[in-house]
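In what follows, a single structure is set out as structure tokens and then discussed.
2 protein chains.
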Amino acid sequence: MIVDIAPSPALYPYYRQDNDTVIVVDIFRASTTMCRMLHNGATAIIPVAEIEEAKRFKSDGYLVGAERHTRKCDFADFGNSPFDYTPERVAGREVVFTTTNGTMAIREGANAQELLIGSFSNIGALSRYCIEHAERIVVLCAGWNNRINLEDTIFGGALLERLSACGKVTIGSDAARVAQLLWLEAKADPMGFLMESEHYGRLIANGAEGDATYCLSSDTVEIVPIYNRMDKKIRVSR
Amino acid sequence: MIVDIAPSPALYPYYRQDNDTVIVVDIFRASTTMCRMLHNGATAIIPVAEIEEAKRFKSDGYLVGAERHTRKCDFADFGNSPFDYTPERVAGREVVFTTTNGTMAIREGANAQELLIGSFSNIGALSRYCIEHAERIVVLCAGWNNRINLEDTIFGGALLERLSACGKVTIGSDAARVAQLLWLEAKADPMGFLMESEHYGRLIANGAEGDATYCLSSDTVEIVPIYNRMDKKIRVSR
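Quick note, the sequences are listed as chains R and G, same order.
Start counting the first sequence at 0; every next residue gets the next number (numbering that gives the first Met the number 0).
Start counting the second sequence at 0; every next residue gets the next number (numbering that gives the first Met the number 0).
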């Protein structure tokens, strides 16, 4: 199995190949939050890139999660905190979801043969799924306005480690090697490693530091969210 | 002084600001080779992005260095090895130069307030120049077909270390932090660190591994190449 990493959505065209299994990652916080809402019983996520589209869904009666610049949008039911999406609120419902970077990364990767959502919370389930189904994996990091970030990059290294533990893995590029090296630095204390990162600072400034702990906790859910190209919804593979 | 790094030419638009001092880096080998030819007495470098343009200069009587895919182009006087550009061949001459990634990175950064060429060979001279002249620095990594590479990234970390030794430096982004962390890993043995990198493999496959040693040697020349936006030539600041 080949594992590669596109460190920014803007670089994805230079890393993609046909027949890839693409894993969209936005550790702080969109991909972690999507895993959480499906774990808590949401039947599907409808990712949308634009705020106006999310507002139309809202007026049609959908539950809507919407975040821009680390804050919940006023019109929405939820923001981008994984704790917003309790079983009481989302079980049995479809949730429309738009965030600054995460849903844009999904749009970028939407034509991949298979598109999955990854986070530390589902890293074990994701690894097992990939070992069974994937030949070449590209971790598509959401980054921040197309800039690379530390948290998505180290996730790539963590996934590489999980996959390596289960079989033969070929490192696809220098980008994947960067991720591997940074994860070796980070794994003993990911939170400490990220204290100086750009987005951790943004979370602190917006009172969301509690989310960061959850976003860096491994194996809290056992699901693999899969994007369906036909109806453009994300559902759980069980 | 703020120091930032654009890990790929495709990401430069997301890192650039007005009034930047931009440093184009293509460690294996274009930026090292440019430093070498100016050190050896070439009066100017005329960077061109396209092979056809280089051929026109050649038929007009210019000396031409041209490389694609790690190999010297047949029509050219030189390839991309720093050892091609001896004082006997280049002193007092202008040299037209085109390479797979390096000259394209120059084109990307050509509108910066100031554009410099950086390599390990001139890192000391470059640091001193920046401390005197720059407020915000962006290291523009040439990469490989817009993919990031290890050697350009660690150079960013090495430059950051040199600048930090001389005064207060602010790290501009997670990308700069990645470079800093990787340089800490690499600095004891940069060649060993890069043995597994993508482009080192390409150099070996093309018999150019001897160049790699030179490209990773610090402070072998004392010049700062500066791109002149008016006549689009690169000359030495002495």
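Just so it is clear, CB atoms sit at the ideal spot from N, CA and C, and this is done for glycine as well.
For Ser-172 of chain G and Lys-57 of chain R, I'd like the C-alpha separation in whole angstroms.
Cα-Cα distance, rounded: 36 angstroms.
Threshold first: 3 residues or longer. Then list the beta strand (DSSP E) segments lying entirely within the region 100-136 of chain G, N to C.
Here the runs fully enclosed are 113-117.
Which chain R residues are close to Pro-189 of chain G, counting only those with a beta carbon under 9 angstroms from its beta carbon?
Residues of chain R whose Cβ lies closer than 9 angstroms to the Cβ of Pro-189 of chain G do not exist, since the nearest Cβ in that chain is about 14 angstroms away.
Spell out whether any CB of chain G is found under 8 angstroms from the CB atom of Arg-176 of chain R.
Chain G contact via Cβ: present.
Any beta strand (DSSP E) of 3 or more consecutive residues that is wholly inside the region 12-37 of chain G:
DSSP runs (the beta strand (DSSP E)) wholly in the region 12-37 of chain G: 20-24.
Could you check if Asp-17 of chain G belongs to the surroundings of the ligand HEM, using beta carbon to heavy atom distance under 7 angstroms?
Summarising the ligand content, the structure contains no ligands, and the ligand HEM is consequently not present.
Of the residues that make up the region 145-159 of chain G, which ones have a beta carbon closer than 8 angstroms to any beta carbon in chain R?
Result list: Asn-145, Arg-146, Ile-147, Asn-148, Leu-149, Thr-152.
Cβ of Ala-53 of chain G within 8 angstroms of Cβ of Val-95 of chain G?
Here Ala-53 of chain G is near Val-95 of chain G, since their CB atoms are less than 8 angstroms apart.
Three-state secondary structure (DSSP) of Phe-74 of chain R
Phe-74 of chain R: coil per DSSP, three-state reduction.
Tell me the DSSP bridge mates of Ile-170 of chain G?
G:Val-2, per the DSSP bridge assignment.
Could you tell me whether the region 209-223 of chain R touches the region 104-124 of chain R, using the rule of 3 or more Cβ pairs below 8 angstroms?
With a cut-off of 8 angstroms, the region 104-124 of chain R and the region 209-223 of chain R count as touching, because enough Cβ pairs lie within range.
According to the neighbour-count rule (16 or more other Cβ atoms, all chains shown, within 10 Å of its Cβ), is Ala-164 of chain R buried or exposed?
Classification of Ala-164 of chain R: exposed, given that the 10 Å Cβ count is below 16.
First and last residue of the alpha helix (DSSP H) that includes Pro-81 of chain R?
Counting along the chain, Pro-81 of chain R falls outside any alpha helix (DSSP H), and DSSP gives it neither H nor E.
I'd like the span of the beta strand (DSSP E) that includes Gly-155 of chain G, first residue to last.
Where Gly-155 of chain G is concerned, there is no enclosing beta strand (DSSP E), although the alpha helix (DSSP H) it sits in stretches over 149-164.
Report all residues from its chain with a CB closer than 8 angstroms to the CB of Tyr-84 of chain G; omit the five preceding and five following residues, and keep chain order.
By the criterion of a C-beta distance shorter than 8 angstroms, Tyr-84 of chain G is surrounded in its chain by Thr-32, Arg-35, Met-36, Asn-39, Ala-41, Gly-64, Phe-77, Val-94, once the five residues flanking it on both sides are discounted.
Compute the distance between the beta-carbons of Val-137 of chain G and Ile-4 of chain G, then report whether it is under 8 angstroms.
Taking 8 angstroms as the Cβ cut-off, Val-137 of chain G and Ile-4 of chain G qualify as a contacting pair.
Below-8 angstroms beta-carbon distance, Ser-196 of chain G vs any chain R residue:
At least one chain R Cβ lies under 8 angstroms of Ser-196 of chain G.
Tell me, which residues are paired with Asn-227 of chain R by DSSP?
Bridge partners of Asn-227 of chain R: R:Lys-232.
Backbone CA spacing between Arg-127 of chain G and Gly-108 of chain G [nearest angstrom]
Rounded to whole angstroms, Arg-127 of chain G to Gly-108 of chain G spans 21 angstroms at the Cα level.
Check this for me: beta carbons of Val-24 of chain R and Gly-117 of chain R, under 8 angstroms apart or not?
Yes.
Taking 8 angstroms as the cut-off, decide whether the C-beta atoms of Leu-181 of chain G and Thr-212 of chain G are in contact.
Contact flag unset, no.
Using a Cβ cut-off of 7 angstroms, pull out every chain R residue sitting near Glu-184 of chain G, in sequence order please.
By Cβ distance, chain R contributes Leu-180.
I want to verify the contact list: residues of chain R whose CB lies under 9 angstroms from the CB of Asp-19 of chain G, in sequence order.
The contact set of Asp-19 of chain G on chain R, defined by CB atoms closer than 9 angstroms, is empty, because the minimum CB distance reaches about 15 angstroms.
Excluding the 5 residues flanking Gly-155 of chain R on each side, which residues of the same chain have their C-beta closer than 6 angstroms to its C-beta?
The residues are Ile-4, Val-138, Ala-178.
Verify the CB distance criterion: does Tyr-11 of chain G have a CB-CB separation below 8 angstroms to chain R?
Output row for Tyr-11 of chain G: interface = no.
By the 10 Å Cβ neighbour count, where 16 or more other Cβ atoms means buried, how is Met-103 of chain R classified, buried or exposed?
So Met-103 of chain R ends up on the buried side.
CB-CB under 7 angstroms to His-68 of chain G, same chain, minus the five flanking residues each way: which ones, in chain order?
Excluding sequence neighbours, His-68 of chain G sits near Thr-99.
Would you decide whether Thr-97 of chain R is buried or exposed? Buried here means 16 or more other CB atoms lie within 10 Å of its CB.
Buried, since its Cβ has 16 or more Cβ neighbours within 10 Å.
Closest by C-alpha distance to Pro-8 of chain R, when choosing among G:Asn-145, G:Ser-196, G:Glu-87
Put simply, of G:Asn-145, G:Ser-196, G:Glu-87 the residue whose alpha carbon is nearest the alpha carbon of Pro-8 of chain R is G:Asn-145.
Contact belief for Ala-29 of chain R with Gly-101 of chain R at Cβ below 8 angstroms, rounded distance in angstroms:
About 3 angstroms; that satisfies the 8 angstroms criterion.
Assuming the contact rule is C-beta atoms closer than 8 angstroms, Ile-45 of chain R and Lys-232 of chain R should be a hit. Round their C-beta distance to whole Å, please.
In this structure Ile-45 of chain R is in contact with Lys-232 of chain R, their Cβ atoms being roughly 5 angstroms apart against a cut-off of 8 angstroms.
Out of G:Leu-183, G:Val-235, G:Gly-206, G:Leu-115, state which residue places its alpha-carbon closest to the alpha-carbon of Asn-79 of chain G.
Asn-79 of chain G has its Cα closest to that of G:Gly-206, out of G:Leu-183, G:Val-235, G:Gly-206, G:Leu-115.
Name, in chain order, the residues that DSSP records as bridge partners for Leu-62 of chain G.
Paired residue(s): G:Val-94.
Does the beta-carbon distance from Thr-20 of chain R to Glu-113 of chain R come in below 8 angstroms?
Contact: yes.
Below 8 angstroms on the Cβ atoms is my guess for Leu-193 of chain G versus Glu-131 of chain G; work out the distance and round it to an integer in Å.
About 31 angstroms separates the beta carbon of Leu-193 of chain G from that of Glu-131 of chain G, a gap too long to meet the 8 angstroms contact definition.
How long is the line joining the alpha carbons of Gly-148 of chain R and Arg-228 of chain R, rounded to whole angstroms?
Reading the sequence as shown, one finds Asn at residue 148 of chain R and not Gly. Distance between the alpha carbons of Asn-148 of chain R and Arg-228 of chain R: 27 angstroms.
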